[in-house]
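Here the sequence shown is numbered in my numbering, starting from -18 and rising by one per residue. The structure appears right after this line, and notes come after that.
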Amino acid sequence: MKKNCWEFKNCKRGPGSNGDACPAWKEMRLDGVHDGKNGGRTCWAIAGTFCGGAVQGTFARKFDTCEKCDFYRSVRQEESSDFVLSAVLLSKIR
């Protein structure tokens, strides 16, 4: 079963987090991409996501770090030729 970022990382800011929800959980325009819920399998493209206990910045500022992330690499591997490029993801949320 494919996991969303909050499941993969055991993050407490996914579903049921009330007012402290991560922007990946709230980003409904990316629902279904990579078979994820909301932005749960596209977190690297979403500004303000939480990682390592800290709020991350915009795509341009955080993507270098995201490329090294075990979750990002897992999604790339699982999706293989069906992986949706970041430029496409960004066009859906801008």
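Beta carbons are placed, not taken as given, at the ideal position from N, Cα and C, and that holds for glycine. Please read all numbers here as calculations on a predicted model, not as lab measurements.
* **Three-state class that DSSP yields for Ala41 in the structure shown** => Reduced to three states, the DSSP call for Ala41 is helix.
* Inter-residue spacing [alpha-carbon to alpha-carbon] between Gly17 and Lys(-17) -> About 7 Å.
* Determine, using beta-carbon pairs with one atom in the segment 22 to 31 and one in the segment 49 to 67, whether at least three such pairs fall under 8 Å. => Look at the beta carbons and you see the segment 22 to 31 touching the segment 49 to 67: at least three pairs across the two are nearer than 8 Å.
* **Three-state secondary structure assigned by DSSP to Ala35** => Residue state, collapsed to three classes: strand.
* Asked: Which residue comes first and which comes last in the alpha helix (DSSP H) that contains Val65?
  -> Note, Val65: premise wrong, no alpha helix (DSSP H); not H, not E.
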